[in-house]
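Residue numbers (the numbering used here), protein chains in the order written: chain A, 10 to 379; chain B, 5 to 445. This report concerns only the one structure given below.
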């Protein structure tokens with residue numbers, strides 16, 4: 010009997026916990042068929058019991074309640090943590106989970122990013138775990154990736170949402186795009202934060218590539234402004250409308266040791282989707298929309314569930330632990346810059362270089378004649 | 005028996021290619037205008053010369069009407085292959101049939117200086133006595149038009165088209181044309197429209213955005229596949245979204261070995277009978293499930309999160325299904341399921357002779373719920389531009405003649421009590437090349 014422990018604090022419809030747990034219980038679409046897991050039992054701590062969870066208990070004999078987190082981890086083959094809200098990482102809950110999983114031989118997956126201490130391995134942790142949101146795995150329009158070992162010069166990711174959710178997802182997507190570049194990730198020199206009008210002033214001063222911004226915007230399906238009033242497809246960048254449309258803009262300009270510049274730009278008021286554009290050293294441009302399927306199905310979680318089960322059941326990992334560490338440290342750095350109003354932060358942490366030999370993202374399409 | 009005219013006196017099943025057809029006309033010296041057209045097509049390229057002048061004939065222009073989508077892409081550009089792209093077409097005239105309270109045609113006329121003319125002839129001649137545009141775009145979708153006893157909305161596509169053809173004939177010159185969605189609600193009119201394009205030698209592109217939009221995953225039916233059966237699952241109404249679903253299936257089916265052979269019968273039905281029929285069609289049921297597995301908006305009857313589709317809850321979630329069962333001349337089968345209440349997107353599944361299934365979502369980023377600008381019109385706008393600039397249709401007009409015919413016969417089948425109709429009129433074989441035309445860059 011194979012057993013999975015599934016940790017969550019609250020079970021709400023539409024939450025990452027619901028999206029992944031339901032797929033593990035009932036299956037999910039994968040490449041046109043329905044995929045399922047090989048776990049016979051999925052244990053959930055009692056604290057997650059609510060009417061929605063009761064429905065699942067009635068619908069699936071796989072699902073079992075355990076008295077507490079410790080009970081859930083007895084004899085498990087794998088574990089997943091899906092916190093309902095990011096702030097719950099800062100509560101006792103995370104400590105409980107960590108304590109229960111310490112010294113466990115099982116592999117695990119954290120949906121999101123766990124506390125830095127987990128990534129640093131300061132406490133004894135299970136042999137390995139992966140951490141990730143759906144961002145690196147969901148479909149792209151078009152099916153474009155940064156080629157393996159591509160010498161990148163600059164990349165820009167446009168995301169939306171409030172701090173820190175937008176940044177949490179954005180950094181995850183960004184590292185998924187850059188970690189397989191030529192030389193892998195060799196660390197970060199400094200981070201610059203621009204906010205509000207300073208973002209557009211910075212653009213005029215050439216702090217980031219306007220060509221990449223234009224390319225990334227061209228991939229949207231949800232321009233804001235006049236488009237919301239009368240469906241107009243106008244060139245909001247070329248017409249100079251972006252600064253007026255933008256709300257609470259944050260641009261994180263990240264200078265990597267190898268010369269790559271990554272820019273994470275929030276685009277609330279400008280777009281309602283996530284896109285990226287990148288340029289290789291030979292001038293080639295890559296751009297795509299990071300597709301967010303409609304709710305409630307939200308099938309990017311189908312892609313994520315495939316990645317999770319590939320790792321937990323078949324040990325197919327997509328990212329080394331150093332990558333999670335960098336993700337966590339970047340977010341910590343951003344947090345201090347936001348709270349202390351720091352505009353330029355030198356990177357004062359050591360960053361072990363790492364690379365991956367394949368992208369976490371994979372196209373599903375087959376090559377067709379152009 | 006319904007009385008429909010026979011298929012064109014010069015049957016298209018002779019598979020006369022447009023180039024061959026033009027060459028034949030040129031040899032015959034049939035018309036100086038056609039010769040002129042044939043010569044202008046030679047060596048044309050998208051990037052050469054001044055922008056082509058186009059006229060757009062619309063039923064109404066309001067937010068998210070089809071005409072608004074096309075007009076704004078011509079005037080404002082659109083996202084294409086990683087840039088904001090401005091078409092090499094110049095919209096020089098408009099004809100607009102209706103002006104609702106929320107009209108946007110006048111706004112576009114004022115802001116962009118594109119004149120709205122009082123008649124189709126005036127829009128095409130622009131104050132002269134001769135055709136004065138290089139291409140015509142007919143967008144006769146949306147607006148207040150009567151609905152007939154069969155439930156078909158009488159959009160004036162044929163009237164627009166014939167008034168345009170009169171100008172072509174009077175001018176001794178014809179130019180490439182795009183017709184949005186199916187040709188007409190009367191079969192004989194559909195046939196005349198395609199006949200006119202051959203008779204006068206102008207490229208005719210027609211149909212829906214479904215064949216050219218994003219696909220998730222990004223796949224095409226491998227050309228010359230040994231395909232045995234196609235299924236499309238979609239939503240919407242009869243004589244409305246069914247044409248989109250049929251084009252979804254047809255753009256895949258036509259790539260099968262031997263090409264499209266034509267359709268020999270159409271049987272439309274509603275309700276419970278569909279599930280009874282499906283029970284005897286194992287492959288069709290497999291394909292229905294496979295297509296549903298590609299849906300991103302498939303909801304179980306209770307609402308809420310996704311569950312693997314099963315025959316039981318599909319029926320429960322969809323109390324008023326509509327299906328078109330289509331038999332092709334070569335034994336190939338197509339089935340269209342319109343499953344309102346269950347899905348809100350367009351998915352396809354096809355089975356090959358080796359039993360393998362190829363399936364995908366034809367992704368429509370639909371406003372206003374999910375997007376703001378209906379960008380599935382981007383690739384269609386691009387195909388229109390190619391047709392006008394290069395002087396040949398990206399895909400053959402026979403595709404949409406066939407899907408128009410299936411739509412009409414399906415409506416007739418429902419109207420006559422859900423009877424099966426033999427369709428010798430739809431003996432429309434055609435072939436397409438290996439090139440893919442959907443959005444993938």
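Beta carbons are placed, not taken as given, at the ideal position from N, Cα and C, and that holds for glycine.
Looking only at C-alpha atoms, which of B:356, B:62, B:265 and B:239 sits nearest to residue 159 of chain B? Checking every option, the nearest Cα to that of residue 159 of chain B belongs to B:62.
Whole-angstrom C-beta distance between residue 138 of chain B and residue 169 of chain B, which should lie under 8 Å: Not confirmed; about 16 Å, so no contact.
Helix, strand or coil for residue 184 of chain B, going by three-state DSSP, please let me know. Residue state, collapsed to three classes: strand.
With 16 as the cutoff for other CB atoms within 10 Å, does residue 56 of chain B come out buried or exposed? Note on residue 56 of chain B: 16 or more other CB atoms within 10 angstroms of its CB, so buried under the neighbour-count rule.
Taking a cut of 8 Å between CB atoms, which residues from the stretch 224 to 239 of chain A lie near chain B? Answer in chain order: 224, 226, 227, 228, 229, 230, 231, 232, 233, 236, 237, 238 and 239.
Looking at chain A, is there any beta carbon in it that lies within less than 8 Å of the beta carbon of residue 302 of chain B? So yes, residue 302 of chain B belongs to the interface.
Residue 217 of chain B lies in the alpha helix (DSSP H); which residues open and close that run? Element bounds for residue 217 of chain B: n/a, residue is neither H nor E.
Where residue 42 of chain A meets chain B, residues with beta-carbon distance less than 7 Å: Those are 297, listed as they occur along chain B.
Please classify residue 101 of chain B as buried or exposed, where buried requires at least 16 other C-beta atoms within 10 Å of its C-beta. By the neighbour-count rule (16 or more Cβ atoms within 10 Å), residue 101 of chain B is buried.
Any beta carbon from chain B within less than 8 Å of residue 91 of chain A's own beta carbon? For residue 91 of chain A, the answer is no, since every Cβ of chain B falls outside 8 Å of its Cβ.
Could you spell out where the beta strand (DSSP E) holding residue 395 of chain B opens and where it closes? Per DSSP, residue 395 of chain B belongs to no beta strand (DSSP E) and is neither H nor E.
What are the start and end residues of each continuous alpha helix (DSSP H) run of 4 or more residues lying completely inside the stretch 268 to 344 of chain B, in chain order? If we require 4 residues or more, the alpha helix (DSSP H) runs fully inside the stretch 268 to 344 of chain B come out as 277 to 283, 286 to 296 and 315 to 321.
How about residue 357 of chain B: is its C-beta nearer than 8 Å to some C-beta of chain A? Proximity of residue 357 of chain B to chain A, defined by a Cβ-Cβ separation below 8 Å, is not satisfied.
6 Å CB neighbourhood of residue 218 of chain A in its chain, flanking five on each side removed: Within its own chain, the residues whose Cβ lies closer than 6 Å to the Cβ of residue 218 of chain A, once the five positions on either side in sequence are excluded, are 163, listed in chain order.
Could you spell out where the alpha helix (DSSP H) holding residue 266 of chain A opens and where it closes? From DSSP, residue 266 of chain A is part of no alpha helix (DSSP H); its letter is neither H nor E.
On a CA-only basis, which of B:242, B:371, B:255 and B:341 is nearest residue 413 of chain B? Give me that one, please. The option with the nearest alpha carbon to residue 413 of chain B is B:242.
Please tell me whether residue 208 of chain B and residue 183 of chain B are closer than 8 Å, where the distance is taken between their beta carbons. In this structure, residue 183 of chain B lies closer than 8 Å to residue 208 of chain B by Cβ.
Can you list, in chain order, the residues of its chain whose CB lies under 8 Å from that of residue 365 of chain A, leaving out five sequence neighbours each side? For residue 365 of chain A, same chain residues with a beta-carbon under 8 Å away, outside a window of 5 residues either side, are 188, 189, 193, 327, 328, 329 and 332 in chain order.
Quick check on residue 363 of chain B: buried or exposed, where buried means 16 or more other Cβ atoms within 10 Å of its Cβ? Result: buried.
With H, G and I counted as helix, E and B as strand and the rest as coil, what does DSSP make of residue 75 of chain B? Shown here, residue 75 of chain B sits in a helix according to DSSP, grouped into three states.
Name the residues in the stretch 75 to 102 of chain B whose C-beta lies less than 7 Å from a C-beta of chain A; which are they? Answer set for the stretch 75 to 102 of chain B: 76, 77, 80, 81, 82, 83, 86, 87 and 88.
Report all residues from its chain with a CB closer than 6 Å to the CB of residue 294 of chain A; omit the five preceding and five following residues, and keep chain order. In chain order, 224 and 288 place their CB closer than 6 Å to the CB of residue 294 of chain A, counting only its own chain and leaving out the 5 sequence neighbours on each side.
What is the DSSP secondary structure of residue 35 of chain A, counted as helix, strand or coil? Reduced to three states, the DSSP call for residue 35 of chain A is helix.
Between residue 249 of chain A and residue 165 of chain A, what straight-line distance do the alpha-carbon atoms span, to the nearest angstrom? Answer to the nearest angstrom: the Cα atoms are 19 Å apart.
Tell me whether residue 382 of chain B sits in a helix, a strand or coil according to DSSP, three-state version. Here residue 382 of chain B sits in helix by DSSP.
Give every residue of the same chain whose Cβ lies closer than 7 Å to the Cβ of residue 102 of chain A, excluding the five residues on either side of it in the sequence, and list them in chain order. Taken in chain order, the residues that qualify are 18.
Which word fits residue 36 of chain B, buried or exposed, when buried means at least 16 other C-beta atoms lie within 10 angstroms of its C-beta? With a pLDDT of only 33 at residue 36 of chain B, under 50, the local geometry of the prediction cannot be trusted, and the value read off the model is given with reservation. Per the 10 Å Cβ criterion, exposed.
Applying a beta-carbon distance threshold of less than 9 Å, which residues of chain A neighbour residue 261 of chain B? Correct list: empty, because the minimum Cβ distance to chain A is about 16 Å.
Could you check whether the stretch 228 to 238 of chain A touches the stretch 367 to 382 of chain B, counting it as contact only if at least three pairs of C-beta atoms, one from each stretch, sit closer than 8 Å? Flag = yes, the stretch 228 to 238 of chain A and the stretch 367 to 382 of chain B touch.
Along the beta strand (DSSP E) that carries residue 199 of chain A, what are the first and last residues, could you check? For residue 199 of chain A, the enclosing beta strand (DSSP E) covers residues 197 to 204.
Is residue 234 of chain B helix, strand or coil when you go by DSSP? DSSP places residue 234 of chain B in strand when its eight states are reduced to three.
Bridge-paired residues (DSSP) for residue 191 of chain A: Listed as beta-bridge partners of residue 191 of chain A by DSSP are no residues whatsoever.
With a cut-off of 8 Å, do at least 3 Cβ pairs link the stretch 382 to 402 of chain B to the stretch 193 to 213 of chain B? Contact holds: three or more Cβ-Cβ distances are below 8 Å.
Between residue 310 of chain B and chain A, is any beta-carbon pair separated by less than 8 Å? Yes, contact with chain A.
Would you mind working out which of A:89, A:66, A:35 and A:110 sits nearest residue 79 of chain A, comparing C-alpha positions? Closest by alpha carbon: A:110.
Where residue 67 of chain B meets chain A, residues with beta-carbon distance less than 8 Å: Those are 238, 239 and 240, listed as they occur along chain A.
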